[in-house]
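In terms of our numbering, the sequence shown opens at residue 103 and continues consecutively. In this text, a Cβ means the ideal position worked out from N, Cα and C, and glycines have one as well. Report on the structure given below.
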Amino acid sequence: MKLINSDYLVIGSGIAGLTFALKVADYGSVTILTKKTAMESNTQYAQGGIAAVFSDDDHFELHEKDTLIAGADLCHKDSVKILVEEGPERINDLLNWGVNFTRDEAKNLDLVREGGHRVKRILHAADMTGDEIEKTLLKRINENPNIRLLENYTAIDLITEHQVLGNLQYAFNICFGVYALNNTTGDVEAFRAAYTLLAGGGASRVYLHTTNPEISTGDGIAMAYRAGAKISNMEFIQFHPTALYHPDHAPFLISEALRGFGGILRNRDGKRFMEDYDTNLELAPRDIVARAIDNEMKKNGDKCVYLDMTHLSPHDVKKRFPNIFKHCKEFLDIDITKDWIPVVPAAHYICGGIMTNLNGQTSMHRLLASGENAHTGVHGANRLASNSLLEAMVFSHRAAQKAIQNNPMSFDVIIPDWDDSGVDNSEEWGLIRHNRLEIQTIMWDYVGIIRSKNHLQRAIRRIHLLFDEIEDYYKRTHVSKDLLELRNMTTIAYLIARSALSREESRGLHYRTDFPQKVDKFQKDTVI
Ligand SMILES: Cc1cc2nc3c(=O)[nH]c(=O)nc-3n(C[C@H](O)[C@H](O)[C@H](O)COP(=O)(O)OP(=O)(O)OC[C@H]3O[C@@H](n4cnc5c(N)ncnc54)[C@H](O)[C@@H]3O)c2cc1C
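Structure below.
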């Protein structure tokens with residue numbers, strides 16, 4: 103078995119993984135593993151921007167307060183304070199690395215406002231902020247001789263004392279690296295490191311409708327859970343109210359800005375249904391709009407609702423939303439100035455994840471986590487728009503500082519070969535495809551925007567059956583990327599459903615019909 107040693111091992115090439123890699127590269131060798139191409143990540147698709155206090159009429163207390171209000175009394179105040187106060191320094195890192203944020207005519211950074219922010223504090227690169235950040239970071243990574251970035255490697259599991267105990271005097275709860283599948287050759291290789299950072303991103307692909315790309319299967323969280331690390335607040339899933347609906351079309355976000363511009367939500371009969379739900383109509387908070395759409399779809403048995411822009415000036419709509427106009431026209435032949443846009447709410451962001459302290463350290467030694475993989479406590483029960491890219495920057499920086507300070511470990515631990523004796527190549531693609539869809543459907547129907555004890559229990563029963571079937575298949579067959587993802591998705595589905603069942607209240611993004619109120623005794627994290 104091939105064994106590769108590095109001082110720092112990073113799983114994931116989004117903003118969290120790349121930031122950490124750039125920060126530690128002066129202090130040791132770095133290996134980054136990424137599942138597909140380096141660009142493919144949630145980061146790449148971020149449209150809106152990154153929040154930070156930069157304008158004269160803004161201040162730290164205000165950003166903190168907006169974050170805490172969104173988080174519905176579940177944010178960790180110390181994490182939020184760090185996020186906000188260290189935010190501008192991390193934006194300066196991005197500027198120094200060469201990120202081109204949009205500027206106004208006077209060449210000042212163009213700050214915009216988003217839902218929940220009381221002042222203009224969102225830096226952006228037109229409506230393709232993530233793309234600009236990802237490209238720039240990758241440029242810096244590729245220039246750095248200490249960093250090796252390996253594409254098409256799927257991390258399988260953490261290497262802990264379970265694997266190496268035979269050759270250790272004593273060990274307790276330590277991460278020594280990962281086993282990973284080389285997707286190209288089909289071989290499993292071992293990556294040994296003094297520090298491992300999990301930065302595998304989100305998990306929203308466990309839902310039928312999502313804005314996330316295919317890589318978002320929660321692998322890092324599932325790996326950490328299997329290794330015994332603490333996982334927290336998995337029930338808080340942010341559903342974006344409007345993603346483009348088409349059964350055969352890849353996820354595409356229909357930005358909130360269209361509703362801000364005057365777009366009207368209608369059901370199949372043309373009724374402006376938001377009149378029945380909130381006096382702010384289409385501009386009610388995201389979770390309220392998402393719940394209203396979900397309710398309309400369930401009430402009428404429809405697969406989507408519609409966003410109507412046809413009453414607005416076609417010239418203005420095209421000018422303001424050139425990408426969305428082009429995308430809908432090119433891929434679905436929908437002219438948004440003449441046709442209603444079919445939309446559904448879609449899983450967008452997971453607030454919970456691998457529990458970390460203020461320095462990105464998990465409950466396992468030498469295992470760090472950052473970005474959407476991690477639960478740092480900044481989002482509480484609901485994420486404030488554009489705080490997630492910032493969170494990844496701030497806490498990857500802190501994790502890097504921690505890893506640099508500590509002594510590197512010597513490489514004397516012997517990593518056993520990956521044991522796949524007795525397995526065969528029975529590629530039951532039908533099983534993988536079918537089970538994947540089943541998990542996504544169960545999660546959408548029973549663990550989605552509106553939850554109840556009955557539905558959650560039903561989901562857990564079915565997830566258990568799927569889990570047993572998949573584990574059995576996993577033990578009998580050679581690993582493949584699809585199988586690894588399916589296994590991880592089942593674990594993530596279980597973690598979300600179990601956490602949602604245990605939280606007998608409604609708070610932030612978590613809404614239970616049987617417990618519709620916020621309850622004081624649940625003002626704490628759900629830890630598994
Ligand atoms: C459409 C969209 C719009 C968004 N808009 C905004 C916005 O405007 N502002 C904002 O703050 N946030 C936004 N977000 C959220 C934000 O983009 C993400 O939370 C953030 O980019 C996460 O960064 P990350 O580095 O943690 O993960 P990602 O960027 O998702 O990177 C994860 C990486 O891990 C790799 N990986 C996963 N599993 C494995 C494995 N087993 N082995 C090896 N590699 C693996 C992936 O291939 C990928 O490279 C948006 C998200 C989406 C989907």
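| query | result |
| --- | --- |
| Would the C-beta of aspartate 321 count as close to ligand 1, meaning under 8 Å from any of its heavy atoms? | yes |
| Would you say lysine 237 touches ligand 1, meaning its beta carbon is less than 8 Å from a heavy atom? | no |
| Do alanine 305 and isoleucine 598 come within 9 Å of each other at the CB atom, strictly closer than that value? | yes |
| When the Cα of arginine 250 is compared with those of Ile426, Asp526, Asn107, which residue comes out closest? | Asn107 |
| Would you kindly report the start and end of the unbroken beta strand (DSSP E) that includes valine 290? | 290-300 |
| Which value, in whole angstroms, describes the spacing of the CA atoms of tryptophan 531 and isoleucine 562? | 24 Å |
| What is the C-beta distance between glycine 151 and histidine 226, in whole angstroms, given that I count them as a contact (C-beta under 8 Å)? | 3 Å |
| Report the residue ranges of all beta strand (DSSP E) runs contained in full by the region 465-520; include only those spanning at least 3 residues, in chain order. | 469-471 |
| With a cut-off of 8 Å on the beta carbons, I'd call alanine 392 and isoleucine 551 a contact; round off their distance for me. | 5 Å |
| Can you tell me which of Asp389, Ser334, Thr543 puts its alpha carbon nearest to the alpha carbon of glutamate 474? | Ser334 |
| What are the complete beta strand (DSSP E) segments, minimum 3 residues, inside the region 315-360? | 339-346 |
| Within the same chain, show all residues whose beta-carbon is closer than 7 Å to that of lysine 431, passing over the 5 residues directly before and after it, in chain order. | Asp437 |
| Quick one: using the 10 Å Cβ neighbour count with 16 as the cut-off for buried, is glutamate 384 buried or exposed? | buried |
| Near leucine 460, which residues of its chain fall below 7 Å by C-beta distance, leaving aside the five closest residues on each side in sequence? | Asp180, Ser181, Ile184, Arg500 |
| Roughly how many angstroms separate the alpha carbons of asparagine 275 and threonine 262, rounded to a whole number? | 7 Å |
| Quick test of your reading: arginine 242 and leucine 105, contact by CB under 8 Å. State the CB separation rounded to the nearest angstrom. | About 28 Å; that fails the 8 Å criterion. |
| Could you check which residue in Lys555, Ile117, Leu469, Asp109 has the C-alpha nearest to that of leucine 300? | Leu469 |
| Look at the alpha carbon of aspartate 321 and the alpha carbon of isoleucine 395, and state the distance between them as a whole number of angstroms. | 30 Å |
| DSSP beta-bridge partners for asparagine 284? | Tyr255 |
| Roughly how many angstroms lie between the CA atoms of histidine 178 and isoleucine 235, to the nearest whole one? | 27 Å |
| CB aspartate 602 to CB leucine 558, shorter than 9 Å? | Per the sequence shown, residue 602 should be read as alanine rather than aspartate. Their beta carbons are under 9 Å apart, which means alanine 602 touches leucine 558 by this criterion. |
| Considering only the alpha carbon of each residue, which of Gly119, Lys222, Ile258, Ala174 lies closest to histidine 161? | Lys222 |
| Should histidine 481 and threonine 231 be called a contact, given that it needs their Cβ atoms to be closer than 9 Å? | no |
| Taking the alpha-carbon positions, what's the glycine 200 to leucine 124 distance? | 13 Å |
| Checking 9 Å against the spacing of the C-beta atoms, do glutamine 593 and serine 554 come in under that value? | The question names glutamine, but residue 593 in the sequence shown is threonine. Their beta carbons are not under 9 Å apart, which means threonine 593 does not touch serine 554 by this criterion. |
| Within the chosen definition, does the region 369-385 reach the region 324-339 through at least 3 CB pairs nearer than 8 Å? | no |
| When you compare only the Cα positions, how much space is there between tyrosine 257 and methionine 325? | According to the sequence provided, residue 257 is alanine. The question's tyrosine does not apply to it. Between alanine 257 and methionine 325, the C-alpha separation is close to 9 Å. |
| Between arginine 307 and isoleucine 317, what straight-line distance do the alpha-carbon atoms span, to the nearest angstrom? | 8 Å |
| Along the alpha helix (DSSP H) that carries alanine 448, what are the first and last residues, could you check? | Run containing alanine 448: none in the alpha helix (DSSP H); it sits in the beta strand (DSSP E), 443-452. |
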